[in-house]
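*Asks:* Take this structure first; my questions come after.
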Amino acid sequence: MKSVHTYITKNKKRFLDELLDFLKIPSISADPKYKKDVKKAADFLKIKMKDAGLDKVKIYATKGHPIVYGEKIIDKKLPTILVYGHYDVQPPDPLELWNSGPFEPVIKKTKKHPKGAIYARGACDDKGQLYMHVKAFEAMQKENALPCNVKFMIEGEEEVGSDNLETFCKANKNLLASDMVLISDTSIIDNKTPSVTVGLRGLSYVEVEVTGPNKDLHSGVYGGGVANPVNVLCEMIASMKDKNGKINIPGFYEDVKRLSKKERVQINKAPFSVTKYKKELGIKDIQGEKGYSTIERTSTRPTLDVNGIWGGYIGEGAKTVLPSKAYAKISMRLVPNQHPDKITKLFERHFKKIAPKSVQVKVSPHHGGFPAVTPTNTVEYQAAHLAMKDTFGKAPIPVRGGGSIPIVAMFEKVFGVKSVLMGFGLDSDDIHSPNEHYGLFNYYKGIETIPLYFKYYAELKSKSKK
Ligand code: BES
Ligand code: MN
Ligand code: MN
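All residue numbers in the sequence shown are consecutive under the numbering used here, ending with 596.
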């Protein structure tokens, strides 16, 4: 491992420069205008994966954006780690809130990142984190220190729900056969407090359209006599939660797996300061479902949130208009055993039921994803524990995360293979927000930790076989 460490140290600057080039490609999967750039990011990755020493590197086309694959099989008898990541990014809007161009990476020092952080869309989610794996592999490969087989599957549609990934996986079962999936696309508690994510929430995402009159009307001439779809939509949304923060959709909580007292105590042991939380987010108070802590509200409890709402006049100045239509994009984060399709149906039924006769409503489901929990009593988890303990000087804390990564549940369903979520970002890195960034400390810490993960995993796995 010493030679791997030396290799990393020697190549530090190049590792960073390459990531900066990767970050310059606007691989926004949600916007069809960027289709070519998404492909460009896949091409970039293909070249870098080949250079790093991976074999069979290939871009696989899908109905949507392509998947980049590569592998190094050193001995068929040894276990195989499948590295998963995504090279697509979220749209950077609102652009005016960025302090520098989202695709013109710059390095700046911050309080949380005194050694500097890279500011760019995708710096943390997930280009920076997936690229750690490419560089960690390069170091192991060049120093002849790869202790087991490795496969890379990097997709370009994670941020839009990984719609084509399941088809690809099912069609390529042999190619993708592995013993575990290793993913760096989550956070640690802070740079002195490592953690491993052991749960993710699922997702049901819908878009709603509320139509009132058949055209926009003068809000003086008609106002007061006709239902205003924007007002109606707001009332409908407001009615979907009660004063205790419980979601009112009948059946919504039906399948939620209750946690034991012991599990809840364990989850609440993770360090958390409400004061710091409020200060960082610029809020005077927290809110949420009664009877649960903020940690629980943001990880083990389901949610319903408006992600965007519009309709009527939103230009400069005032235009007096009673709009014909109103829209909202609504996400529901799901927890174990909730089923995204079932929740979408329950939402649709409820939304139609509560709509007054004065409007017409339409519900269009977007992508979904299943929740997942990963065990801690396995060699796969233990390897992360040991690797992080070595590089951080402190054992990681297992924590359940609030975000979603659809592949985790899907991979378990299709292959019966579990994932380890060993991410290195911080929740405060502003992923999906303006000024997303990723600490240089975190980037290099990841590159150092991954080879140790491989080492411990291979060792523990061979011991467990004996
Ligand atoms: N990397 C995130 C998920 C994440 C972030 C998990 C931080 C835990 C901690 C991922 O790229 C993401 O944003 N996923 C989407 C889901 C998808 C179906 C659009 C999400 O959670 O909104
Ligand atoms: Mn991600
Ligand atoms: Mn994301």
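Each residue gets a CB set at the ideal place from its N, CA and C atoms; glycine is no exception.
So for T428, helix, strand or coil by DSSP?
*Replies:* coil
*Asks:* Can you tell me where the alpha helix (DSSP H) holding F174 begins and where it ends?
*Replies:* K165 to A182
*Asks:* If you run the structure through DSSP and keep just helix, strand and coil, what is Q490?
*Replies:* strand
*Asks:* Can you list, in chain order, the residues of its chain with a C-beta nearer than 6 Å to that of E296? Leave out the 5 residues immediately preceding and following it.
*Replies:* M540
*Asks:* So is the beta-carbon of D315 under 6 Å away from any non-hydrogen atom of ligand 2?
*Replies:* yes
*Asks:* Spell out a yes or no on whether the stretch 579-589 and the stretch 267-275 are touching, meaning 3 or more CB-CB pairs, one atom from each, closer than 8 Å.
*Replies:* yes
*Asks:* Please report how far the alpha carbon of K406 lies from the alpha carbon of D320, in whole angstroms.
*Replies:* 13 Å
*Asks:* State the Cα-Cα distance for the pair S334 and M131, rounded to the nearest angstrom.
*Replies:* 43 Å
*Asks:* Is the CB-CB distance between I211 and V280 below 7 Å?
*Replies:* Yes, they are a contact pair.
*Asks:* May I have the straight-line CA-CA distance separating D161 from P221, to the nearest angstrom?
*Replies:* 8 Å
*Asks:* Compute the Euclidean distance between the alpha carbons of D557 and M518, then round it to the nearest angstrom.
*Replies:* Each residue's CA atom was taken as its position, placing D557 and M518 some 18 Å apart.
*Asks:* Which one of K245, N344, N437 and H216 has the shortest CA to CA distance from Y573?
*Replies:* K245
*Asks:* In the structure shown, what three-state DSSP assignment does V336 receive?
*Replies:* strand
*Asks:* Using a strict less-than 6 Å threshold between each residue's beta carbon and the heavy atoms of ligand 3, what residues do you get?
*Replies:* Q220, D255, E289, I561 and H562
*Asks:* Can the beta-carbon of V451 be found less than 7 Å from the beta-carbon of S308?
*Replies:* no
*Asks:* I'd like to confirm the pairing. Which residues does DSSP put opposite I377 in its beta bridges?
*Replies:* K371
*Asks:* Quick check: what's the CA-CA separation for V324 versus V489?
*Replies:* Correcting the residue identity first, residue 324 is Pro in this sequence and not Val. Rounded to whole angstroms, P324 to V489 spans 51 Å at the Cα level.
*Asks:* Please report how far the alpha carbon of G555 lies from the alpha carbon of L260, in whole angstroms.
*Replies:* 11 Å
*Asks:* Ignoring anything shorter than 3 residues or poking outside the stretch 246-273, list the beta strand (DSSP E) runs there in chain order.
*Replies:* 247-249
*Asks:* Going by beta carbon distance, what residues of the same chain come within less than 6 Å of K449, once the five residues before and after it are set aside?
*Replies:* Y443
*Asks:* When the Cα atoms are used, what is the spatial distance from T139 to G183?
*Replies:* 19 Å
*Asks:* Would you mind reading off the limits of the beta strand (DSSP E) that contains L476?
*Replies:* Here L476 belongs to no beta strand (DSSP E); instead the alpha helix (DSSP H) covers P470 to I484.
*Asks:* Between E201 and D185, is the Cβ-Cβ spacing less than 7 Å?
*Replies:* In contact: E201 and D185 (Cβ atoms closer than 7 Å).
*Asks:* Excluding five sequence neighbours on each side, which residues of the same chain lie with their C-beta closer than 7 Å to the C-beta of D559?
*Replies:* Hits under 7 Å: C254, E566, H567 and Y568.
*Asks:* Where do the ends of the beta strand (DSSP E) carrying A588 lie?
*Replies:* That residue, A588, is in no beta strand (DSSP E); its alpha helix (DSSP H) goes L570 to K595.
*Asks:* Could you tell me whether the stretch 162-174 touches the stretch 264-272, where touching means 3 or more Cβ pairs closer than 8 Å?
*Replies:* no
*Asks:* What are the boundary residues of the alpha helix (DSSP H) that E410 is part of?
*Replies:* V404 to L411
*Asks:* Grab the span of the alpha helix (DSSP H) containing N304 for me, first residue to last.
*Replies:* K303 to L306
*Asks:* Starting from K112, follow its DSSP beta bridges and name the residues at the other end.
*Replies:* Since the first residue shown for the chain is 131 and the last is 596, residue 112 is missing from the structure and cannot be characterised.
*Asks:* Suppose contacts are defined by Cβ-Cβ distances below 7 Å. Is R388 in contact with P501 by that definition?
*Replies:* no
*Asks:* For the alpha helix (DSSP H) containing K391, name the first residue and the last one.
*Replies:* K391 to I397
*Asks:* So what does P495 bridge to, in DSSP terms?
*Replies:* Looking at the DSSP assignment, P495 forms a beta bridge with V336.
*Asks:* Below 8 Å on the Cβ atoms is my guess for P536 versus G291; work out the distance and round it to an integer in Å.
*Replies:* Indeed they touch by this definition, with Cβ atoms about 6 Å apart.
*Asks:* Give the secondary structure of H135 by DSSP, where H, G and I count as helix, E and B as strand, and everything else as coil.
*Replies:* helix
*Asks:* Are the Cβ atoms of S600 and G532 separated by less than 7 Å?
*Replies:* Residue coverage of the chain in this structure runs from 131 to 596, which leaves residue 600 outside it and unanswerable.
*Asks:* When you compare the CB positions of L610 and V550, do they come within less than 7 Å of one another, or not?
*Replies:* This structure does not reach residue 610, given that the chain is present from 131 up to 596, and the question cannot be answered.
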